[in-house]
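If you count by the UniProt record's numbering, then the sequence shown holds residues 1 to 750, one letter each, in order.
Note that the Cβ used here is the ideal one computed from N, Cα and C, for glycine as well.
What follows is one structure encoded as structure tokens, with my remarks underneath.
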Amino acid sequence: MLNIFKQVRYFSFQKQSTFAFPQLTFQDQKYPTKIQIKKQLNEQDFNQFQYKQLTKQNQQQWLYPSTQTQLLVNFCIQEEDQKKKLNKLFSQGAQCVRALHSKQIDQVDLLFDQDFSQEEIQHFLKGFLLANYKFKLVQEEKALVNQESEKDQENNDLKFQPVQDINIPNSSQEEIDFAQKVAFYTLYARQLSNLRANVVTTSFILDECKILHQQNLQKIHLEYIQGDELLKQDLNLIHAVGKASQNPPTLINLTYRGNQKSKDIDIAFIGKGVCFDAGGLNIKPTGFMETMYQDKCGAISTLSAFRAAVELDLQVNLTCTLGVVENFLSSNSYRPSDIIKSHKGLTVEIGNTDAEGRLVLADCMSWTQQKYKPKTMIELSTLTGACVVALGEEMAGLFSNCDDLSKEFEDLSKVTGELLWRLPIHSSHRKQMKGTFSDLTNSGKSRYGGASSAAAFLENFVEKDVKWVHLDIAGPVESKSDQGHLSAGMTGFGPKAPKKVTKQANKKVEKKRNPLFQSRPRSFRVGGDIQPERDLTRFVRWQKYVTLQRQKRILLQRLKVPPQIHQFSRTLDKNHSTNLFKLLQKYKPETPQEKKQRLVEAANNKAQGKKVDQKKPFVLKYGLNHITTLVENKEARLVVIAHDVDPIEIVIFLPQLCRKQGIPYALVKGKAALGQLVNKKTATAVALTSVRPEDKVALDNLASTFLTNYNNNEELRKTWGGNILGAKSQHRVDAQAQAVKDEQLKKSKL
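This is the structure in structure tokens:
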């Protein structure tokens, strides 16, 4: 244990006399006081009054056999929800230890029925251990000898006797080890948080970190920047907040690399450690300043979570940065209206010296990201009273730039019992924090939405690719009185959720196996090494254009497509398409070689005095501009358009133009097929202006067919396409329709 559990340093006349972490043993029954936790009671073992009391739900009853004192707990809860059962067991554990305190019993045997599972025992024990704590600093025992009886009569708090020895027969240490550790780290946070500012100074917290480093030299790297050294590393905001105090402002960093296979930092913890907040020159009034020793609780909870990860040897890389200062007032204090350059380079105008926490956190976050580049950043702070006003004293505010991480924390809060509620960061909150004479201001322009505007300020110091969570724990960090597992004072709120997130990051991710190389037992039969044929289509890495084609096809199926575009899916049928291409093939344009040969022959014939045919041959016309001109002048006899032109806007006007001019047109599959007709790779459209006499009948037949199927087809111009649901969506729609049908059927029967 660290030094805070041994003796409060610097003030030897004070010591923590009311706290001791109990010693757990797993031997046979050895103490005169026993707690029996039962799920079923035998009526013959009790008198009528005792049985009646015990059969009430969650009742406890003291029994006094001849040589023993027993506290009997009847845990007969008919709950189907396992979480509710565990929560009630947790509460029962706290109630039991309170009953022991009332009788000043410090040694006890815990006897569980065999029906209790390991998880149920753990939850009972967690409640028991967490309630076995009370913070009170008293004089040394020597000074109390003469006044012991008098003091006992006047002040019952001095009678508080924590349970120091717990024996759990028929159990192994491994089963309850987790519960013991959870309780220890929470009590560690409580104890350090409860100590006042005359003890817990910036140097005290630094010493705690040094001791933790010395105990784990092989695991932890410690770095700290103190006093004027902060200015050399551009940590001006931390220095400005803490320079008025005689205790120097300090940035402390602890780094733990549990995953030696990776150099990356998985999670960064950031904690606000204002050991005492007097408010600076904007001094806090009476009634608010007295409890400001609590302003260090963010750093304490962060340190507790980090310590848990180190001592549990989690295979995860962590860094923990604490900004430790005291916000006092003196001639050296920073002033309202000061403009200070942050570590990130953003300038901040000081609107209120009492809004110091966000300044400390801003430099800590920026420094940590620059040095370690973490994937996830979790920040805890008692930042705003506005969060307490919004959510009350039992729930912390959650802000995040990542929905998945936020959902993970909200789910974990239901398990850990540390309640969280996500609050928004709206553009209006970001606007409030913009400065008039600087990049930012540390106090919003409105008195409302203070928790969200503070988070909006911090958001400016989060890098793009970093997942960030900000927990404002100002409300639940203190308990006003003894209730449940809490005693009056600090609650140790905060470390459980970060610990859980860290443990989840520690889980080893199984490597995905390549389905092409599945492990199979070797076969030594003849031909056993020959692999069977497999359909590997889904494992082929298709070219990008193929993927885009498939995506486009699916998109056109899902979207509602207007008639002007949908008509391009109505291509010519196979028979008519065959006849069309036979005709068009006859009028394929000449290649350059063929044209050269024809012109050479014509020149030779002319030189020999032979008759030369001067008429140009009939050929297909291509080129979108050329075809458009032919259609506008009504020179085209037939127009053929490809259905897969991309983008479709290039030719979407052409069918309408052909209808207006009365020229037959058709849509055929494949711009590549049309391209072959004109000696090109692709062609958007081709046209015939005239044909030889022997082909006029074929042309007229095709033109008549095209007029019927395309030009004069009213349905083609009115039918919308697409809007075809996928299998899952269609199933959902069918289910809804069936539900409506069933409901109507029920109503008709009535």
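Asked	Found
With distance defined between alpha-carbon atoms, name the residue in Ser443, Arg553, Asn679 and Leu584 nearest to glutamate 594.	Asn679
Alanine 666 by DSSP, collapsed to three states: which one?	strand
Per DSSP, glutamine 226 forms a beta bridge with which residues?	Thr250
I need the DSSP call for tyrosine 293, collapsed to helix, strand or coil.	helix
Can you give me the Cβ contacts of glutamine 153 inside the same chain, cut-off strictly under 8 Å, excluding the 5 residues immediately before and after it?	Residue placement at glutamine 153 is flagged as unreliable, the pLDDT there being 40, under the threshold of 50; the coordinate-derived value follows with that caveat. Correct list: empty, nothing qualifies.
Expressed to the nearest angstrom, what Euclidean distance is found between the alpha-carbon atoms of lysine 373 and lysine 414?	30 Å
Taking the runs of the alpha helix (DSSP H) that are 4 residues or longer, which of them lie wholly in the stretch 344-409?	357-372 and 385-391
Measuring alpha carbon to alpha carbon, tell me which residue in Thr684, Ala687 and Ala390 is nearest alanine 451.	Ala390
Work out the CA separation of asparagine 236 and glycine 385 for me, nearest whole Å.	25 Å
Go ahead and pull the three-state DSSP assignment for isoleucine 168.	coil
From what residue to what residue does the alpha helix (DSSP H) around aspartate 277 run?	Not the alpha helix (DSSP H): aspartate 277 falls in the beta strand (DSSP E), residues 267-277.
Taking all protein chains shown into account, decide if aspartate 646 is buried (16 or more other Cβ within 10 angstroms of its Cβ) or exposed.	exposed
Would you check if the distance between the CB atom of asparagine 352 and the CB atom of asparagine 282 is smaller than 7 Å?	yes
Could you check whether proline 476 and alanine 355 sit closer than 7 Å to each other, using their CB atoms as the reference points?	no
Roughly how many angstroms separate the alpha carbons of tyrosine 224 and valine 540, rounded to a whole number?	54 Å
Please list the terminal residues of the continuous alpha helix (DSSP H) segment that includes aspartate 109.	Unbroken run through aspartate 109 is the beta strand (DSSP E), 107-112; no alpha helix (DSSP H).
Alpha carbon to alpha carbon, what distance is there between alanine 602 and glutamine 608?	10 Å
CA-CA distance, glutamate 533 and lysine 560?	41 Å
Suppose you measure from the CA of threonine 25 to the CA of serine 245; what does that come to, to the nearest Å?	47 Å
DSSP beta-bridge partners for glutamine 483?	Leu486
Give the secondary structure of glutamine 23 by DSSP, where H, G and I count as helix, E and B as strand, and everything else as coil.	strand
Count the other CB atoms within 10 Å of the CB of glycine 662; is the residue buried (16 or more) or exposed (fewer)?	exposed
When DSSP labels each residue in this structure, what does threonine 201 get in the three-state scheme?	coil
Asparagine 317 by DSSP, collapsed to three states: which one?	strand
Considering only DSSP beta bridges, list what alanine 642 is partnered with.	Val668
Looking at phenylalanine 399 and isoleucine 425, is the spacing between their C-beta atoms short of 7 Å?	yes
What are the boundary residues of the beta strand (DSSP E) that isoleucine 340 is part of?	339-341
Can you check whether the CB of tyrosine 293 is closer than 7 Å to the CB of arginine 196?	yes
Under three-state DSSP, which class holds glutamate 714?	helix
What residue from Gln543, Asn575, Thr578 and Leu677 has the CA that sits closest to lysine 588's CA?	Leu677
Pull the bridge partners of aspartate 472 from the DSSP assignment, please.	Ser381 and Gly397
Let me know the secondary structure DSSP gives alanine 244 once reduced to three states.	coil
With a CB to CB cut of under 6 Å and the five nearest residues on each side skipped, what residues in its chain are close to histidine 221?	Thr255
Determine contact between the stretch 110-127 and the stretch 84-100, defined as no fewer than three beta-carbon pairs at a distance below 8 Å.	yes
Roughly how many angstroms separate the alpha carbons of valine 310 and aspartate 177, rounded to a whole number?	16 Å
DSSP three-state label for isoleucine 238, please.	helix
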